[in-house]
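Q:
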Amino acid sequence: MSSPSAPISSSSPESSDTGGIGGHPSGLTTLFFTEMWERFSYYGMRALLMLFMVKTAAEGGLGFETKTAAAVYGTYTMSVYLLTILGGFIADNFIGARRAVLFGGIIIATGHFTMAFGSLPTFYAGLVLIALGTGLLKPNISTMVGSLYRPTDERRDAGFSIFYMGINIGAFLAPLVTGFLAQSDAWKARLTAWGMDPAHSWHWGFGAAGVGMTFGLIVYVIQRERLSHVGQAPAPEADGSRPWGKLALVAIASLALIIAMKASDQYPALVYLLFALQIVAILFFAFRPDEDSKRLGAILVFFFAAEIFWAIFEQTGSSISLFADRLTQNEIFGAKFPSSYWQSVNSVWVILLAPVFAWLWIRMGSKQPSSPMKFTLGLLFVSLSFVLMVPAAKLTATGKVGPLWLVGLFFLQTVGEMLLSPVGLSTMTKLAPQKLVGLVMGIWFLAAALGNKLAGVLAGEFKSDNPSELATFFLHQALWVAGATVVLLALVPWVKKLMGGVR
Ligand code: GLN
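No gaps in the numbering here: position 31 of the sequence shown is 30 in numbering that gives the first Met the number 0, and each next residue is one more.
#1: Quick one: grab the DSSP three-state call for valine 456.
#2: Rounded to whole angstroms, how far is the Cβ of isoleucine 331 from the Cβ of valine 381, which I believe are closer than 8 angstroms?
#3: What do you reckon, is the C-beta of serine 420 under 8 angstroms from a heavy atom of the ligand GLN?
#4: May I ask whether a heavy atom of the ligand GLN can be found less than 8 angstroms away from the beta carbon of leucine 137?
#5: Comparing C-alpha positions only, which one of Gly26, Pro120, Gly211, Leu419 sits nearest to isoleucine 105?
#6: Beta carbon of asparagine 465: closer than 8 angstroms to some heavy atom of the ligand GLN?
#7: Between alanine 447 and glycine 377, what straight-line distance do the alpha-carbon atoms span, to the nearest angstrom?
#8: Taking 8 angstroms as the cut-off, is the C-beta of alanine 208 nearer than that to any heavy atom in the ligand GLN?
#9: Hey, how far is the Cα of proline 368 from the Cα of methionine 52?
#10: Compare the Cα-Cα distances from methionine 372 to each of Leu387, Tyr271, Ile257, Arg502 and report the closest residue.
#11: Just curious, the alpha helix (DSSP H) that glycine 500 is in, first and last residue?
#12: Is the segment 162-178 close to the segment 464-477, with three or more CB pairs under 8 angstroms?
#13: Cβ of asparagine 451 within 9 angstroms of Cβ of glutamate 313?
#14: For the alpha helix (DSSP H) that aspartate 464 lies in, which residues bound it at each end?
#15: DSSP puts isoleucine 331 in a beta bridge; with which residues?
#16: Give the straight-line distance between the Cα atoms of leucine 272 and valine 100, rounded to the nearest whole angstrom.
#17: Work out the CA separation of glycine 19 and glycine 145 for me, nearest whole Å.
#18: When the Cα atoms are used, what is the spatial distance from leucine 136 to tryptophan 348?
#19: Go through its chain and collect everything with a Cβ distance to valine 79's Cβ below 6 angstroms, but skip five positions before and after it.
#20: Would you check whether the ligand GLN has a heavy atom nearer than 8 angstroms to the C-beta of glycine 450?
#21: Helix, strand or coil for valine 300, going by three-state DSSP, please let me know.
#22: In chain order, what residues of the same chain lie with their CB nearer than 6 angstroms to the CB of glycine 103, ignoring the 5 residues before and after it?
#23: Quick one: grab the DSSP three-state call for valine 100.
#24: Can you list, in chain order, the residues of its chain whose CB lies under 8 angstroms from that of valine 249, leaving out five sequence neighbours each side?
#25: Less than 7 angstroms between C-beta atoms, sequence neighbours within five positions excluded: which residues of the same chain meet that for arginine 325?
#26: For the structure I just gave you, are there three or more beta carbon pairs, one from the segment 191-203 and one from the segment 383-397, closer than 8 angstroms?
#27: Could you round the C-beta distance between leucine 517 and arginine 97 to whole angstroms and report it? I think they count as a contact, below 8 angstroms.
#28: Run the CB neighbour count on histidine 228, radius 10 Å, all protein chains shown included, and call it buried at 16 or more, exposed below.
#29: Over what stretch of residues does the alpha helix (DSSP H) that includes leucine 411 continue unbroken?
#30: Could you work out which residue in Gln412, Leu387, Phe410 is closest to valine 400 when comparing CA atoms only?
#31: Pop quiz: threonine 142 and glycine 437 are said to be a contact at Cβ under 8 angstroms. What is the actual Cβ separation, rounded to whole angstroms?
#32: Got a sec? Which residues, its chain only, sit under 8 angstroms from valine 491 by beta carbon, not counting five neighbours each side?
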């Protein structure tokens, strides 16, 4: 697929490197596989997490109440994305993206291996390590993808689409592997035959996630030459100092935000406050005279749109998983399958659609829609996905519905995702002031953190025993997002202006 290439000297522009996947820079191939394995470890562990917590001790689990488990799960997934701000800041100001990815990967693998031991302290320590490590790795591996291209390189969005495909190959395969180790009778029988405790199977699953991350690290280290020209550590201040005070501030602010978002469980009005703050922040930056502030204003508009997008999209693991489990015939050509397999369908669509979008953007070249327009379309599609669920919900009055409804839902959501998520990554790397690129990427993932939290809040209203209320559940959210789509559409020309020359 790719040929090893010599490190690129600063005199030869990045864009001349075509040695990687599909004529992209060779570094993309390295980042593709590193992130594929990191996401394998993330989604492989996440697939087991909830189940492991609620299973009884006799089944090898922790025996948590569902409510406690859901709270741990929610705080964990939010923290993973929220800590990307800290990780971005550390890379920007201290160690550079390249080393941040290496250290992050090592911390993540350590976290998974810690969870391979069966005790409560190692369980929590593992979660904390994975959240911290992901905070270091996730935003910085994404900014490095951006650094492979010059700002005007038309291949950039396509490059991010390819990168995104790597994410989803990992996300698709992982639950199949870790789920087999943790839950299958075949593997439990194997453990018994080896004289081991079959209830320990969960920890084999967690261990497999750690092995995945280790593969990612091996790729990253072996192919480090291809990335030698990107993600360098920044030079210290003239007096040799580093911004330790600011680092402490970012760390404290991140922790405070995690605590505040947790508090929104008891005080839902905090969510409205959050929205109001975002609007104030957009206006504050957009109307300042300097270019960087205006761009930050544009970034915050994208942030708001992404947050709304993820609030619907991330219900895959909550309301949609309940719909799949309780209201869908999980059968294909007469063969039954477990409802959890639906969790892989989004990734299957990404794998099928990413090449189509990569091709489309290359094909359209400079005629492709602007990034704010792509975001608008992304919101439109995620709204349509819930419109589709309105008749599906009504049909549940006569029993379980066929699997095509969910296939359709995931198709529409994935089209939306392809228009918003890789484009968002790409746009952040273009809009961010050079010194703040890691931080801005962290802000991008903060939208995912808040969206995940909102997805939990919204899914709390899910009703599986009342078809008309269920139809209303989907319709209300669809209309809400449709409204946001119209607002964003109206803002497209303004956002384009704020972006300056960036498309
Ligand atoms: N599924 C994608 C990933 O894991 C996007 C996640 C997100 O940004 N919310 O990278």
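Quick reminder that beta carbons are idealized off the backbone N, C-alpha and C, glycines included.
A: Taking the definition as stated:
#1: helix
#2: Contact doesn't hold; Cβ gap of about 25 angstroms is too wide.
#3: yes
#4: Before going on, a small fix: residue 137 reads as lysine here, not leucine. Answer for lysine 137: yes, Cβ within range of the ligand GLN.
#5: Gly211
#6: no
#7: 15 angstroms
#8: no
#9: 45 angstroms
#10: Arg502
#11: Taken as a continuous stretch (DSSP letters only), glycine 500 belongs to no alpha helix (DSSP H), as it is neither H nor E.
#12: no
#13: yes
#14: First-last for aspartate 464: undefined, no H or E at that position.
#15: Ala334
#16: 34 angstroms
#17: 14 angstroms
#18: 25 angstroms
#19: Ala130, Thr133
#20: yes
#21: helix
#22: Gly132, Leu135, Leu136
#23: helix
#24: Ile84, Leu85, Phe88
#25: Ser463
#26: no
#27: With the chain covering 0 to 502 only, the question about residue 517 has no answer from this structure.
#28: buried
#29: 403-430
#30: Leu387
#31: 6 angstroms
#32: Ser369, Pro371, Met372, Thr375
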